[in-house]
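Everything on this sheet refers to the single structure shown next.
Protein chains in written order, with the working numbering: chain A, 1 to 210; chain B, 1 to 220.
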């Protein structure tokens, strides 16, 4: 089991335990906030974004992911638990094996796209939601003499748990799945290696509810 | 003013063109093959580099059985050079380059059995020892230690060179009496030294390049 697979399992465990813990604390009904009390709400997330690549693809075998940032916005739709919003994230990768990907040094990876979500849990202190979306991604690659881009269509599945200190400010943790469907043209023998990149992303940051 | 506006557009176009990336976006190519010597034996640790207009796009090296396989970026222009052992430093083998131009580039390049020949250095020295007013016309024919192939058929016929014979021709006299140089050639070939002293009959001497470093000294 390689390091990334172990990290992946640890991330999933942390996510599962956090959601379970939040649901346990939800038990007393009197603590549960009624959405009707707060019909319209919007959530902002800004935080540290740490992607972990896995699988037999260029991102896992030839790039080393560094941290980045994410920003997202979600608002509820028509007084329901359904959410709609936008997400942007950025992270950096260093090339560790140029023989597998070509001669360039590093990538700055920007993603942007819409999100649809559902509010799973809504108490005074704990909140949980799941969101998914499809966006566009640019891998801005830097060669010593020139820069070039690879592009992708990205799918996100983002479960988020947040703990609120008051009605407005809280912290969140998210362990999300991300797949970049790359637009890279290659000969047949490299097709599966460059077809997509898989990541589990661990995020932690500030959660603002208005 | 009317003249300046087109000039401005022209300058902006040149600047934009010069800033255009040379690497094709969203594309990779596979480079693979084997490198062998003149006797057919695999050569390990030979560097291979893929370039366009001096920009490095991909690089790899041969393994223990002389094979190489790596991924390269793709040139935005229809021009790509695959250099085998061209930056090998003190490598005992010659160099091999394949130049792809004037036609669309391929998605993959399978270069089977690239033959490298062993380099030979000839330390060649001509010295005037006589006090007479002699003139020496001389030439040295030897085999070049490199191969440069153009993939494009039209250019290939005129420009490709592969371990070809080349000549060095000079005249020595009292104003320019001596010659000393390192000549790079191919091992197990023969260099042909031809000289004519004043109006005498031309003479030919064959120099066998059997070693990595060979010496030849001629006095007149």
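Ideal Cβ placement from N, Cα and C applies to all residues, glycine included.
What separation, rounded to the nearest whole angstrom, lies between the Cα atoms of residue i and residue j?
| i | j | result |
| --- | --- | --- |
| residue 196 of chain B | residue 165 of chain B | 21 Å |
| residue 204 of chain A | residue 173 of chain A | 5 Å |
| residue 165 of chain A | residue 43 of chain A | 15 Å |
| residue 209 of chain B | residue 74 of chain B | 41 Å |
| residue 174 of chain B | residue 205 of chain B | 23 Å |
| residue 156 of chain A | residue 134 of chain A | 6 Å |
| residue 31 of chain B | residue 126 of chain A | 54 Å |
| residue 71 of chain A | residue 84 of chain A | 14 Å |
| residue 184 of chain A | residue 139 of chain A | 11 Å |
| residue 54 of chain B | residue 78 of chain B | 14 Å |
| residue 181 of chain A | residue 109 of chain A | 14 Å |
| residue 123 of chain B | residue 198 of chain B | 25 Å |
| residue 140 of chain B | residue 105 of chain B | 40 Å |
| residue 78 of chain A | residue 210 of chain A | 16 Å |
| residue 55 of chain A | residue 141 of chain A | 21 Å |
| residue 207 of chain A | residue 107 of chain B | 47 Å |
| residue 64 of chain A | residue 202 of chain A | 15 Å |
| residue 89 of chain A | residue 61 of chain B | 37 Å |
| residue 126 of chain B | residue 93 of chain A | 59 Å |
| residue 171 of chain A | residue 161 of chain A | 9 Å |
| residue 158 of chain A | residue 56 of chain B | 39 Å |
| residue 22 of chain A | residue 145 of chain A | Confidence in residue 22 of chain A is poor, its pLDDT being 46 and thus under 50, which makes the residue's placement too unreliable to answer from. |
| residue 58 of chain A | residue 179 of chain B | 56 Å |
| residue 152 of chain B | residue 213 of chain B | 36 Å |
| residue 144 of chain B | residue 169 of chain B | 15 Å |
| residue 167 of chain A | residue 73 of chain A | 17 Å |
| residue 102 of chain A | residue 52 of chain B | 13 Å |
| residue 176 of chain B | residue 131 of chain B | 14 Å |
| residue 92 of chain B | residue 211 of chain B | 11 Å |
From the DSSP output, which residues share a beta bridge with residue i?
| i | result |
| --- | --- |
| residue 82 of chain A | A:118 |
| residue 69 of chain B | B:32 |
| residue 66 of chain A | Answer by DSSP bridge pairing: none, since residue 66 of chain A is not bridged. |
| residue 86 of chain B | According to DSSP, residue 86 of chain B bridges with nothing at all. |
| residue 87 of chain A | A:72 and A:113 |
| residue 166 of chain A | Per DSSP, none; premise fails for residue 166 of chain A. |
| residue 49 of chain B | B:59 and B:83 |
| residue 39 of chain B | DSSP, once it has assigned bridges, lists no residue as partnering residue 39 of chain B. |
| residue 185 of chain A | B:27 |
| residue 93 of chain A | A:65 and A:107 |
| residue 135 of chain A | A:154 |
Using DSSP with H/G/I as helix, E/B as strand and the rest coil, what is residue i?
| i | result |
| --- | --- |
| residue 191 of chain A | helix |
| residue 210 of chain B | coil |
| residue 58 of chain A | helix |
| residue 125 of chain A | coil |
| residue 203 of chain B | strand |
| residue 196 of chain B | strand |
| residue 175 of chain B | coil |
| residue 81 of chain B | strand |
| residue 99 of chain A | helix |
| residue 154 of chain A | strand |
| residue 62 of chain B | coil |
| residue 165 of chain B | strand |
| residue 159 of chain B | helix |
| residue 175 of chain A | strand |
| residue 22 of chain B | coil |
| residue 44 of chain B | coil |
| residue 96 of chain B | strand |
| residue 205 of chain A | strand |
| residue 225 of chain A | Any answer about residue 225 of chain A is impossible in this case: the structure gives chain A only from 1 up to 210. |
| residue 16 of chain A | Because the pLDDT at residue 16 of chain A is just 47, under 50, the model does not fix this residue reliably, and the point stays unresolved. |
| residue 9 of chain A | Low local confidence applies: a pLDDT of 49 at residue 9 of chain A is under 50, so the model's placement there is unreliable, with the coordinate-based value given in what follows. In this structure, residue 9 of chain A counts as helix in the three-state DSSP scheme. |
| residue 91 of chain B | coil |
| residue 74 of chain B | strand |
| residue 188 of chain B | coil |
| residue 54 of chain B | coil |
| residue 200 of chain A | strand |
Please report the Cβ distance between residue i and residue j, rounded to the nearest whole angstrom; I am assuming they are in contact, meaning their Cβ atoms lie under 8 Å.
| i | j | result |
| --- | --- | --- |
| residue 207 of chain B | residue 149 of chain B | Wrong, their Cβ atoms sit about 28 Å apart, outside the cutoff. |
| residue 47 of chain B | residue 87 of chain B | 6 Å |
| residue 34 of chain B | residue 67 of chain B | 5 Å |
| residue 94 of chain B | residue 186 of chain B | 6 Å |
| residue 149 of chain A | residue 25 of chain B | 5 Å |
Query raised in the report: Which runs of the beta strand (DSSP E), 3 residues or longer, sit entirely within the stretch 100 to 145 of chain B?
Result: Runs of the beta strand (DSSP E) inside the stretch 100 to 145 of chain B: 108 to 116, 119 to 127 and 136 to 143.
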